[in-house]
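The opening residue of the sequence shown carries number 315 in this note's numbering; numbering runs sequentially from there.
See structure below.
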Amino acid sequence: MRYFQINMISLSLVLCHSAYAETVSIDDANQIQQYISDFNKNTKEMMNRIPMKKMKIEGNHVPSRFSEEEIKSLDFIYKKEQTRSEIFPKKDSNSRVKRSPIEYNDNPRNLVDFPEKFQDNIYELDRMNLSQAKLPFSPWSDSYWPTYQGSIAHRYADTKMPRSNNFKDYDNYLTKTNPAINLIKNKQTHLMSPSEKYDLLMNDKNFTLTNKILEKTRLRNANPEAWEGLCHGWAPAAYMYQRPSRSITLYNAAGTPITFKPSDIKALNTLLWSNLSYKTKFIGGRCNIKDPQTDVNGRILDKDCNDNNPGAFHLALINQVGINKRSLVFDATYDYQVWNQPISAYNITYFNPETGNVSKRIQDVMISKEKHSKDKFKKYRSSQGDSIVGVQMTMDYVLETQPSTKDSDSAANDAVTQVTYYYDLELNSQTGKIVGGEWHQKRHPDFLWTPSAGTEISSNIVPKSNLNYGNVFMYNNYWWADSPRSTLIEWLPYSISAANQLGVPLENIVRSLTAWSSSPIEGNLLPENAPQPSIPEKYKWFR
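Given below as structure tokens:
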């Protein structure tokens, strides 16, 4: 094992356990050295700093959804809590307690997939070389489809769309100034919004889904705020479903061709995951306090505003991304730049908080509590722990982007940011367990969530496959009409019901679009033209 021994005079490379391949970079070692010095000199200032971020892949990313006023006034904290409360059940407790141990609502085993593989022993984690990991795929970037712009009824390819902050301007353009029927007459279906293309594919002359989306916002009698949208649907869809990678052209029952761009298919997936119910797992607290009480070092005292425990965060990330190769979604209440972002990679460097020694292994640099004379959080330490180790966690996460008219999509078009967090872990050196920890930054991840692996979403409106409906047709969710590949006219009433009742497209249609668009072309045969049945036997929409 290579690790660096740091002091204020020299930087020297020390070689131990040579069978261990991962090394600490000199840049990281220097950065940690500077961090320890700054943290010990002015702990409160360091606790209040915004975590360091840098763009890894620029993409056409969306700037902060919050206004300067909302950021300055900290009103964005209320906005986040408002959205979170609509998605997740609220806890009853909001007590202020001093604590450091991992509590039940922090239990990372309850969050990650495949809990039977869960690993929380530090010596085993060291042996498994899990200090860095990257998903074998990249969760895809997409728009959060702002509500004030009409959500996925927004015609992102139409240059004549209003440039406005008022929903009514978009609504009037879509329904009065230039309704979808005009685009059909003028053979401009390529300018249609994702929901309009879907309605046209279903041969729905009333454009039920599109109108339902717009009607829902109309009924509010208030202009939506700029931050409102579908990010809570995009985030899980981005890693639960395959990346739509190319445009596909299909026909409706009347023979009209409709081309779906990758952004169109992403939008339909995002709407499904936004409006349909499914079970989620989460850990962390619920906080809507702008300026929570802190101690002299800047440590937040309200337990919900100090969630989740860094020990739980650390184990969740290593087990989900490092072992399971699955993503999860994170939020940081006090960081206006982070809101429901899928995680794609991490890189961990451990350090001795007293001496500054750094390593890729916990056991090389952990220190007993008695020897940590500079411990700023001594009175909060868990009685179950006897040792402490510092952590520099560099994490990659995916951002929202503007919708694109491109015919292809890949990870190169995503927007990815890298953020660095600092915290410490409390350890029981005898059992090898992580028993708690302390954040060294106020703006830390405090809420993690994900659907379970294999979770499917359903409107429960689509009929089951292989049932004979009154001898009219033998229904199959993924069997389309041939020559050319087109929708069945029998699907229309189900589509209207799904739109009216739930505000969603039919999931079997969206799954088909996703499976075909994400699958490779074999020879000259496009997946959408392959012999049926091909979904999901050959082409899959899910990861």
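Every residue, glycine too, gets a C-beta built ideally from N, C-alpha and C.
Predicted, not measured: the structure shown is a model, and the values here were computed from it.
Under the DSSP definition of a beta bridge, Ile657 partners with Tyr711. Nearest Cα to Asp721 within the set Pro365, Ala471, Asp440, Ser351: Ala471.
Check the Cα spacing between Asn611 and each of Met361, Val338, Asp341: the tightest is with Met361. From the listed residues Ser696, Tyr737, Val703, Lys674, the smallest Cα separation to His686 is found for Val703.
Contact between the region 516-532 and the region 589-608 is absent, with fewer than three C-beta pairs closer than 8 Å. Taking 3 residues as the minimum length, the region 789-843 contains no beta strand (DSSP E) run wholly inside it.
DSSP places Leu631 inside the alpha helix (DSSP H), whose first and last residues are 624-631. Measuring C-alpha to C-alpha distances from Lys595 to each of Cys545, Phe644, Glu542 identifies Phe644 as the nearest. Residue pairing of Pro571 in beta bridges, as defined by DSSP: Tyr565.
The DSSP-derived three-state label of Asp609 is coil.
Distance between Lys747 and Ile436, taken at the CA atoms: about 6 Å.
Annotated three-state conformation of Asn589 is helix, per DSSP. Counting C-beta atoms within 10 angstroms of its own C-beta, Phe428 has fewer than 16 neighbours from the protein chains shown and is therefore classed as exposed.
Around the Cβ of Ala726, a 10 Å sphere holds fewer than 16 other Cβ atoms; the residue is exposed. Val818 and Pro841 have their C-alpha atoms roughly 25 Å apart. Residue range 340-355 is occupied by the alpha helix (DSSP H) that includes Gln347. Across the set Thr708, Ile835, Tyr349, the C-alpha of Tyr349 shows the shortest separation from the C-alpha of Thr669. Less than 8 Å divides the Cβ of Ser509 from the Cβ of Ile466. Going by C-alpha positions, Ser577 is about 6 Å away from Pro717.
In this structure Arg825 does not touch Phe451 by the C-beta definition: roughly 18 Å separates them, more than the 8 Å allowed.
In summary, Asp352 is exposed, with fewer than 16 beta-carbon neighbours lying within 10 Å of its beta-carbon over all protein chains present. Across the structure, Ala549 and Glu684 are spaced so that their CA atoms are roughly 43 Å apart. With fewer than three CB-CB distances shorter than 8 Å, the region 534-545 does not count as touching the region 807-814. Unbroken beta strand (DSSP E) runs of no fewer than 3 residues, entirely contained in the region 736-782, are found at 747-753, 761-765, following chain order. Judged by DSSP secondary structure, Ile597 falls outside any alpha helix (DSSP H) and instead within the beta strand (DSSP E) spanning 594-598. Within the same chain, Cβ atoms closer than 6 Å to the Cβ of Ser561 are found at Thr573, Lys575, Asp721, the five residues on either side in sequence being excluded. Per DSSP, the unbroken alpha helix (DSSP H) holding Ala551 starts and ends at 545-554. Under a 10 Å Cβ-count criterion, Thr524 is classified as buried, with 16 or more other Cβ atoms of the shown protein chains found around its own Cβ.
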